[in-house]
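In terms of my numbering, the sequence shown is numbered consecutively and its last residue is 470.
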Amino acid sequence: MTASEHTLQPDSTDLDHVPGTYGWPMLGEVIALLRDFNGVIFDHVEKYGNVSRLQLGIQKGLLVTHPDDLQPIYLDKDRNMSSEMGYAETLGRFYGGGLALIDFDVHKAHRRIFQNAFKTQAIRGYLDIMNPTLRDGIEDWGDKSDFHFFDAIKSLLLAQASDIFLGLDKDDQNTEKLSQAFLDINEKGLLAIIRKEIPGLAFHRGMEGKRFLYGFLQSLIAPKRDGDGKDLMSILVKERDENGEYFSDDILLPHLAFLLFGAHDTTTATLTNMLMYLARPENQALKQRVYDEVIALDKTTLDYEDLDNLPLIEQCMLETLRLHPPVPFNMRRTLQETTIGGYRVPANTILYNTPVWAGRSDEFWTDPLKFDPDRWGDDREEQKIHNFAFIGFGGGAHKCIGMHFAMMQAKVFLNHFMRTYDFSTAEGYNPKVQVVPMPKPVDNLPMTLRRRS
Numbered sequence: 018m019t020a021s022e023h024t025l026q027p028d029s030t031d032l033d034h035v036p037g038t039y040g041w042p043m044l045g046e047v048i049a050l051l052r053d054f055n056g057v058i059f060d061h062v063e064k065y066g067n068v069s070r071l072q073l074g075i076q077k078g079l080l081v082t083h084p085d086d087l088q089p090i091y092l093d094k095d096r097n098m099s100s101e102m103g104y105a106e107t108l109g110r111f112y113g114g115g116l117a118l119i120d121f122d123v124h125k126a127h128r129r130i131f132q133n134a135f136k137t138q139a140i141r142g143y144l145d146i147m148n149p150t151l152r153d154g155i156e157d158w159g160d161k162s163d164f165h166f167f168d169a170i171k172s173l174l175l176a177q178a179s180d181i182f183l184g185l186d187k188d189d190q191n192t193e194k195l196s197q198a199f200l201d202i203n204e205k206g207l208l209a210i211i212r213k214e215i216p217g218l219a220f221h222r223g224m225e226g227k228r229f230l231y232g233f234l235q236s237l238i239a240p241k242r243d244g245d246g247k248d249l250m251s252i253l254v255k256e257r258d259e260n261g262e263y264f265s266d267d268i269l270l271p272h273l274a275f276l277l278f279g280a281h282d283t284t285t286a287t288l289t290n291m292l293m294y295l296a297r298p299e300n301q302a303l304k305q306r307v308y309d310e311v312i313a314l315d316k317t318t319l320d321y322e323d324l325d326n327l328p329l330i331e332q333c334m335l336e337t338l339r340l341h342p343p344v345p346f347n348m349r350r351t352l353q354e355t356t357i358g359g360y361r362v363p364a365n366t367i368l369y370n371t372p373v374w375a376g377r378s379d380e381f382w383t384d385p386l387k388f389d390p391d392r393w394g395d396d397r398e399e400q401k402i403h404n405f406a407f408i409g410f411g412g413g414a415h416k417c418i419g420m421h422f423a424m425m426q427a428k429v430f431l432n433h434f435m436r437t438y439d440f441s442t443a444e445g446y447n448p449k450v451q452v453v454p455m456p457k458p459v460d461n462l463p464m465t466l467r468r469r470s
């Protein structure tokens with residue numbers, strides 16, 4: 018069967034030999050996962066084991082949770098796991114063709130498009146933009162007794178992504194339109210149960226957002242090819258294929274759209290959750306250590322060489338990703354029949370691969386529900402117990418190409434934020450943390466900001 022023929026095949030539902038549950042007709046376990054994602058995952062493992070049947074909406078597949086099973090899926094030495102088809106009915110509706118949603122030789126070839134955009138020289142240029150953008154935005158927040166961190170950081174990071182990736186000024190009116198487009202796609206379209214373009218319904222809103230996003234990005238391609246901009250898009254649109262030709266708009270647009278999506282949404286969620294932990298009374302000593310690390314570096318503007326001198330911030334980010342991975346399911350679909358966890362898995366089976374269980378299991382982590390960045394330190398290195406117990410950045414060929422950029426962004430933000438403010442949450446604050454569409458406190462992390470003298 019050719020790759021194109023494979024895309025025409027329906028999902029396999031020959032899964033009755035695997036234990037599990039499909040939940041409600043037409044809904045599956047969508048409602049339960051929205052209410053308590055982690056609870057559903059752990060309940061499945063307890064009742065059915067590390068591989069079980071699961072249904073989301075009308076899509077039936079297998080939930081895979083254990084690192085021993087996840088590792089061969091991610092490494093995919095037999096080229097049997099299709100990311101394109103795994104995401105075809107979800108992210109693929111809006112970002113199909115993006116780097117994380119293509120496979121094998123095409124993925125390898127397209128990944129080269131990004132090489133120059135993520136080389137050290139380009140990263141240094143992004144850092145020059147990042148420092149003043151974050152510093153000025155943070156400075157504008159001011160003293161507040163009811164500051165909703167998630168809303169503020171989401172707006173700031175989108176403005177920064179628009180600048181670094183698209184070369185847009187922070188006051189450009191299109192930044193706000195881009196923000197709305199992403200809201201419509203990610204919080205309407207992607208969560209829609211009825212995936213039909215019916216005006217007034219959520220999926221239609223998502224598709225309208227997609228049309229604006231792609232149309233706006235396409236309008237920038239020609240002028241950026243003719244210009245001398247240093248933003249990421251200016252670098253990407255000038256890349257050429259093996260024949261010396263520019264890559265077509267049809268190839269570039271999904272990559273640009275997906276990159277923008279990943280660049281601000283995932284870091285927004287991670288920084289929000291990190292500060293939720295650092296603000297807690299039981300973590301005040303840890304917060305002080307982060308502040309001391311920043312003050313010891315004594316740099317109001319970070320240079321590229323300074324990034325390795327903030328190890329505690331890096332450990333805090335990794336620990337946050339362990340507890341709250343930004344992508345709850347890393348989807349794949351099998352090309353050929355295989356075996357996972359001892360079960361026969363037919364061709365065309367959807368795999369709901371989740372990092373959630375492994376990241377919170379006492380099989381791999383000491384006191385796994387505790388926020389403990391020191392577990393990543395040289396004297397403990399708990400992440401080395403199993404190579405795939407932590408997959409906050411994915412794994413294998415599809416490992417996040419922007420992970421170093423995201424880590425740099427977190428360090429620059431914390432350097433400015435910790436120097437400028439002390440912060441706290443209300444006594445006894447212990448919010449519910451949602452998982453979809455992105456992991457964050459449901460109340461958007463209200464806190465008090467106090468400017469440091």
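Just so you know, even glycine gets a beta-carbon here, dropped at the ideal spot from N, CA and C. Remember, predicted model here, so these are calculated numbers, not experimental data.
Burial state of residue i (16 or more Cβ within 10 Å)
i: D389; result: buried
i: S265; result: exposed
i: G376; result: buried
i: R96; result: exposed
i: W41; result: exposed
i: K171; result: buried
i: N447; result: exposed
i: V459; result: exposed
i: M348; result: buried
i: D93; result: buried
i: E72; result: In the sequence under discussion, the amino acid at residue 72 is Gln, which differs from the Glu named in the question. Buried, by the Cβ-count rule.
i: N203; result: buried
i: M455; result: buried
i: F397; result: Note on identity: in this sequence residue 397 is Arg, with Phe being the wrong assignment. Result: exposed.
i: T289; result: buried
Element boundaries [beta strand (DSSP E), containing residue i]
i: F440; result: Y438 to S441
i: N148; result: Per DSSP, N148 belongs to no beta strand (DSSP E); it is in the alpha helix (DSSP H), T137 to W158.
i: F164; result: K161 to H165
i: V68; result: V68 to L73
i: L368; result: I367 to N370
i: M43; result: Where M43 is concerned, there is no enclosing beta strand (DSSP E), given that its DSSP letter is neither H nor E.
i: Y360; result: Y360 to V362
i: T30; result: Segment: none, T30 is in no beta strand (DSSP E) and carries neither H nor E.
i: I402; result: No beta strand (DSSP E) holds I402; DSSP gives it neither H nor E.
i: T351; result: N347 to T351
i: T356; result: T355 to I357
Proximity of residue i and residue j at Cβ, strictly below 8 Å
i: Y321; j: I140; result: yes
i: G78; j: L368; result: yes
i: C417; j: F410; result: yes
i: T337; j: M291; result: yes
i: V57; j: T82; result: no
i: Y438; j: L466; result: yes
i: Y231; j: L270; result: yes
i: H165; j: A414; result: no
i: P343; j: T283; result: yes
i: L237; j: L174; result: no
i: N67; j: G412; result: no
i: L208; j: A219; result: yes
i: T150; j: Q190; result: no
i: L295; j: L303; result: yes
i: L340; j: M425; result: no
i: A274; j: Y65; result: no
i: R297; j: M102; result: no
i: F422; j: F135; result: yes
i: I252; j: N326; result: no
i: I155; j: F434; result: yes
i: V373; j: M147; result: no
i: H403; j: P89; result: no
i: Y104; j: L118; result: yes
Distance between beta carbons of residue j and residue i, contact taken as under 8 Å
i: L87; j: N370; result: 6 Å
i: L352; j: H127; result: Not quite, the Cβ-Cβ distance comes to about 19 Å (not below 8 Å), so this is no contact.
i: R70; j: V35; result: 5 Å
i: F54; j: V453; result: 7 Å
i: W393; j: L335; result: 5 Å
i: R436; j: V254; result: With 8 Å as the limit, R436 and V254 do not qualify as a contact, their Cβ atoms being about 36 Å apart.
Residue i, enclosing alpha helix (DSSP H) - first and last residue
i: S470; result: From DSSP, S470 is part of no alpha helix (DSSP H); its letter is neither H nor E.
i: N55; result: V47 to Y65
i: M293; result: D266 to L295
i: I312; result: Q301 to L314
i: T337; result: P328 to L340
Beta carbon proximity, residue i to chain B, threshold 8 Å
i: D160; result: Annotation note: the requested chain B is absent from the structure, which comprises a single protein chain.
In chain order, which alpha helix (DSSP H) runs of at least 4 residues are fully inside the segment 186-233?
-> 190-200
Those runs of the alpha helix (DSSP H) which lie wholly inside the segment 80-132 and span at least 4 residues | 84-92, 100-103, 109-112 and 121-128
Would you mind listing the alpha helix (DSSP H) stretches within the segment 372-396 that are 4+ residues and don't spill past its ends, in chain order?
-> 373-376
Taking the runs of the beta strand (DSSP E) that are 3 residues or longer, which of them lie wholly in the segment 231-266?
-> none
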